[in-house]
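First the structure, in the form of structure tokens, and then the observations on it.
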Amino acid sequence: ILWLWPVWDPKRQALLSDRTTGAVVFKAEVTPEQSGRPYAWWISRVGCWLIDAVFAVLILVGYGIGRPTYSLQTQSINGVEYQVSVASGLHPAFYVLIALAAGFTLWNKGFREGRTGKSVGKQLLGFTTLSQATGKPLGVVRATLRCVLLVVDFALCYLGVLWPLWDDKRQCLVSDKVTGSIVVGVR
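Each residue of the sequence shown is one higher than the last, beginning at 1 in the numbering used here.
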């Protein structure tokens with residue numbers, strides 16, 4: 001006997017299954033709206049991104065530590081004295097802070113969001129990033145690729161990050177479409 005067995009698991013798929021043999025006879029993808037998890041609005045995605053960016057920027061606040069210092073020196077060339085501004089170079093702490101900010105971003109947007117579907121910002125605002133095909137988190141590699149491709153979305157005169165305003169699935173032009181990801185609400 002075949003039973004209609006809707007499963008609203010992370011895959012968001014309705015299965016027509018034979019309960020005696022466990023064989024799947026029919027598989028249909030369910031949209032986020034049907035499962036009660038609508039696509040995230042653009043302004044919500046911006047909010048998540050700003051929260052994630054604040055954590056990385058806070059690390060870089062120490063940039064003042066790493067800024068080069070300038071000093072005026074007097075030099076004489078053919079009897080004419082010149083005042084020259086000489087930079088002493090970047091403080092080593094600057095490079096450490098850059099590495100910390102990059103490391104946090106890769107952990108947050110690559111590892112954490114890839115495994116759980118939620119970056120720090122998405123968790124605070126109640127959203128998750130999922131694979132469009134499976135309904136599960138993207139995985140570390142695809143989430144990291146999505147983070148890198150977001151730079152391309154910004155580089156296209158912000159067109160890529162504005163794309164969710166008119167896209168049916170509210171996906172960014174490059175980062176979401178290439179990685180096959182969607183952002184949905186969890187609440």
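No residue lacks a Cβ here, since even glycine has one placed at the ideal position from N, Cα and C. In this text the structure is predicted, and so the values were computed from the model without any measurement.
For residue i, count the other beta carbons within 10 Å of its own beta carbon; 16 or more makes it buried, fewer makes it exposed. Which is it?
{"i": "SER175", "result": "buried"}
{"i": "TYR95", "result": "exposed"}
{"i": "TYR70", "result": "exposed"}
{"i": "ASP236", "result": "Given that the chain is displayed from residue 1 to residue 187, the structure contains no residue 236 and the question cannot be resolved."}
{"i": "VAL80", "result": "exposed"}
{"i": "ARG115", "result": "exposed"}
{"i": "TYR82", "result": "exposed"}
{"i": "THR144", "result": "buried"}
{"i": "THR74", "result": "exposed"}
{"i": "ALA40", "result": "buried"}
Grab the span of the alpha helix (DSSP H) containing residue i for me, first residue to last.
{"i": "PHE55", "result": "42-60"}
{"i": "GLY103", "result": "92-105"}
{"i": "SER175", "result": "175-179"}
{"i": "PHE154", "result": "140-155"}
{"i": "GLN123", "result": "120-125"}
{"i": "GLY114", "result": "113-116"}
What residue from the options has the CA that sits closest to residue i's CA?
{"i": "PRO121", "options": "PRO92, THR105 and ARG170", "result": "The question names Pro, but residue 121 is Gly in the sequence shown. Out of PRO92, THR105 and ARG170, THR105 has the C-alpha closest to the C-alpha of GLY121."}
{"i": "VAL57", "options": "GLY103, PRO164 and VAL141", "result": "GLY103"}
{"i": "LYS177", "options": "VAL186, LEU130, GLY79 and VAL84", "result": "LEU130"}
{"i": "GLY185", "options": "ALA87, GLN123 and TRP166", "result": "GLN123"}
{"i": "GLN132", "options": "ALA53, LEU72 and THR179", "result": "THR179"}
{"i": "ARG101", "options": "HIS91, PHE154, LYS136 and ALA53", "result": "Per the sequence presented here, residue 101 reads as Ala, with Arg not at that position. Checking every option, the nearest Cα to that of ALA101 belongs to ALA53."}
Give me the Cβ distance between residue i and residue j, rounded to the nearest whole Å; I'm assuming they're in contact under 8 Å.
{"i": "THR134", "j": "LYS118", "result": "Going by Cβ atoms, the distance from THR134 to LYS118 rounds to 16 Å, so no, they are not a contact pair."}
{"i": "CYS172", "j": "VAL161", "result": "6 Å"}
{"i": "SER181", "j": "LEU125", "result": "Not confirmed; about 17 Å, so no contact."}
{"i": "ARG45", "j": "VAL141", "result": "About 22 Å; that fails the 8 Å criterion."}
CA-CA distance, residue i and residue j?
{"i": "CYS157", "j": "ASN108", "result": "25 Å"}
{"i": "PHE55", "j": "CYS48", "result": "11 Å"}
{"i": "VAL7", "j": "ALA99", "result": "Caution applies to VAL7, whose pLDDT of 36 falls short of 50 and renders its modelled position unreliable; the model cannot decide the point."}
{"i": "PRO164", "j": "ARG112", "result": "23 Å"}
{"i": "ARG37", "j": "ALA93", "result": "44 Å"}
{"i": "ALA87", "j": "LEU60", "result": "21 Å"}
{"i": "ILE51", "j": "VAL151", "result": "17 Å"}
{"i": "ARG170", "j": "VAL84", "result": "54 Å"}
{"i": "TRP166", "j": "ILE43", "result": "13 Å"}
{"i": "ILE77", "j": "LEU97", "result": "40 Å"}
{"i": "PHE154", "j": "LYS136", "result": "26 Å"}
Name the two residues that bound the continuous beta strand (DSSP E) containing residue i.
{"i": "LEU72", "result": "70-77"}
{"i": "VAL86", "result": "80-87"}
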